[in-house]
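K.L.:
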Amino acid sequence: METDAASTGGVTVDGVLDGRLTLRQLRDGHRVGHDALLLAALAPADRRRAIDLGAGVGSAGLAFLVRVPQASAALVEVVPELAALAQENVALNGLAGRARVVAADVLALARPSGPPEPAAGAADLALMNPPFNAETRHRTSPHDGRARAHMAGEGLLEDWVRAADRCLAARGVLCLIHRPEALAEVLAALHGRFGAVEILPVHPRPDRPAVRILVRAVKGRRTPPILLPGLVLAERDGSATRAAAAALRDGRGLLAP
Numbered sequence: 001m002e003t004d005a006a007s008t009g010g011v012t013v014d015g016v017l018d019g020r021l022t023l024r025q026l027r028d029g030h031r032v033g034h035d036a037l038l039l040a041a042l043a044p045a046d047r048r049r050a051i052d053l054g055a056g057v058g059s060a061g062l063a064f065l066v067r068v069p070q071a072s073a074a075l076v077e078v079v080p081e082l083a084a085l086a087q088e089n090v091a092l093n094g095l096a097g098r099a100r101v102v103a104a105d106v107l108a109l110a111r112p113s114g115p116p117e118p119a120a121g122a123a124d125l126a127l128m129n130p131p132f133n134a135e136t137r138h139r140t141s142p143h144d145g146r147a148r149a150h151m152a153g154e155g156l157l158e159d160w161v162r163a164a165d166r167c168l169a170a171r172g173v174l175c176l177i178h179r180p181e182a183l184a185e186v187l188a189a190l191h192g193r194f195g196a197v198e199i200l201p202v203h204p205r206p207d208r209p210a211v212r213i214l215v216r217a218v219k220g221r222r223t224p225p226i227l228l229p230g231l232v233l234a235e236r237d238g239s240a241t242r243a244a245a246a247a248l249r250d251g252r253g254l255l256a257p
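Note that the UniProt record's numbering has the sequence shown beginning at 1, numbered continuously upward.
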């Protein structure tokens with residue numbers, strides 16, 4: 001990530017995608033990294049109505065909008081401080097006409113008691129960077145925002161997938177990022193709702209095990225899942241691979257639509 005020296009109080013101003021996207025984010029909270037940008041790069045460019053679930057400061061959803069200028073997005077975030085920063089980032093990047101922030105719990109979406117938008121079946125793309133760590137196996141961060149970003153309760157992943165299913169129209173696409181050890185849980189959550197699952201392992205170096213999996217699936221499809229050749233982020237000498245640079249610096253998509 002490219003970082004601007006400008007900062008105000010506990011907030012920093014950081015440039016990503018080679019400066020095409022500027023993000024205000026908490027200095028000491030959950031920081032935007034490769035995960036959000038890879039998630040945005042996984043999304044197919046033929047989608048026009050996106051939702052970013054658990055958007056934080058809006059990094060994944062806004063990165064998608066930078067790549068796909070015809071699209072719009074709803075950025076859903078429950079933590080008020082992060083939702084406020086997401087709203088600032090929408091304005092900072094001139095995306096007020098294409099992005100809106102929904103301050104709500106993901107689990108309340110497309111329910112009678114939930115927010116009026118995004119409405120049921122209104123989106124054709126859902127981006128999801130769910131909390132990774134089980135609360136019972138990891139120490140909770142003293143910073144509330146960081147804890148919310150990283151801690152997952154039992155059944156949370158399936159609950160988020162159900163929320164995405166409610167918000168997506170038929171043949172809508174779900175893109176998510178998770179840890180490799182969660183693959184069985186991811187597939188179980190998708191089963192019966194999403195198919196044509198594409199799994200892209202992400203390796204830090206050519207000789208290292210995958211540290212993330214990128215998963216793309218289509219609502220209502222029943223085609224079996226496929227495991228794609230892995231994405232390697234850095235060469236053995238530490239320099240970025242061509243594929244990683246294309247996604248993380250140039251903002252290009254990882255897969256064909």
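Note that the Cβ used here is the ideal one computed from N, Cα and C, for glycine as well.
This one's a predicted model, so the numbers in the text were calculated from it and none came from an experiment.
Mind checking whether residue 263 and V202 have CB atoms under 8 Å apart?
P.N.:
Only positions 1 to 257 of the chain appear in the structure, and residue 263 is not among them; the question remains open.
K.L.:
Could you pull out every residue in the same chain whose Cβ sits closer than 6 Å to the Cβ of R100, ignoring the five residues on either side in sequence?
P.N.:
For the purposes of this step, residue 100 is taken as the residue at position 100 of the sequence shown. Here the set comprises A74.
K.L.:
So which of P204, P206, V186 has the shortest CA-CA distance to P225?
P.N.:
In the sequence shown, residue 225 corresponds to position 225, counting from 1. It is V186 whose Cα lies nearest to the Cα of P225.
K.L.:
Beta strand (DSSP E) containing Q87: first to last residue?
P.N.:
Start at 1 with the first residue of the sequence shown, and residue 87 comes out as number 87. Unbroken run through Q87 is the alpha helix (DSSP H), 80-92; no beta strand (DSSP E).
K.L.:
Answer with buried or exposed for R137, where buried requires no fewer than 16 other C-beta atoms within 10 angstroms of its C-beta.
P.N.:
For the purposes of this step, residue 137 is taken as residue 137 along the sequence shown, with counting starting at 1. Confidence in R137 is poor, its pLDDT being 33 and thus under 50, which makes the residue's placement unreliable; the coordinate value appears in the next sentence. The residue is exposed, with fewer than 16 neighbouring Cβ atoms inside 10 Å.
K.L.:
Taking its Cβ as the centre, do 16 or more other Cβ atoms sit within 10 Å of D124, making it buried, or is it exposed?
P.N.:
As a working mapping, residue 124 is identified with position 124 in the sequence shown. That one is buried.
K.L.:
What residues match up with F132 in a beta bridge as DSSP calls it?
P.N.:
If you number the sequence shown from 1, residue 132 lands on position 132. Answer is none; F132 lacks a bridge partner.
K.L.:
Could you pull the start and end residues of the beta strand (DSSP E) that R162 belongs to?
P.N.:
Residue mapping note: residue 162 aligns to position 162 of the sequence shown, counting from 1. Segment 156-167 is the alpha helix (DSSP H) holding R162; no beta strand (DSSP E) there.
K.L.:
Going by DSSP, name the residue or residues bridged to A240.
P.N.:
Taking the sequence shown and counting its residues from 1, the one referred to as residue 240 is at position 240. Answer is A234.
K.L.:
State yes or no: is the C-beta of V102 nearer than 7 Å to some heavy atom of the ligand SAM?
P.N.:
What this structure holds is no ligand at all, so the ligand SAM is not there to describe.
K.L.:
What's the gap between the Cα of P131 and the Cα of D237?
P.N.:
Numbered from 1 along the sequence shown, position 131 holds the residue referred to as residue 131. Numbered from 1 along the sequence shown, position 237 holds the residue referred to as residue 237. The straight-line gap from Cα to Cα measures roughly 31 Å.
K.L.:
For C175 and R216, which I take to be in contact (beta-carbon distance under 8 Å), what is that distance rounded to the nearest angstrom?
P.N.:
Mapped onto the sequence shown, residue 175 falls at position 175. Mapped onto the sequence shown, residue 216 falls at position 216. Contact flag correct, Cβ pair sits at about 5 Å.
K.L.:
To which residues does DSSP link H178 through a beta bridge?
P.N.:
Within the sequence shown, residue 178 is the residue found at index 178, counting from 1. Answer is I213.
K.L.:
Suppose contacts are defined by Cβ-Cβ distances below 8 Å. Is A247 in contact with T223 by that definition?
P.N.:
Here residue 247 refers to the residue found at position 247 of the sequence shown. Here residue 223 refers to the residue found at position 223 of the sequence shown. It is not a contact, given that the beta carbons lie outside the stated cut-off.
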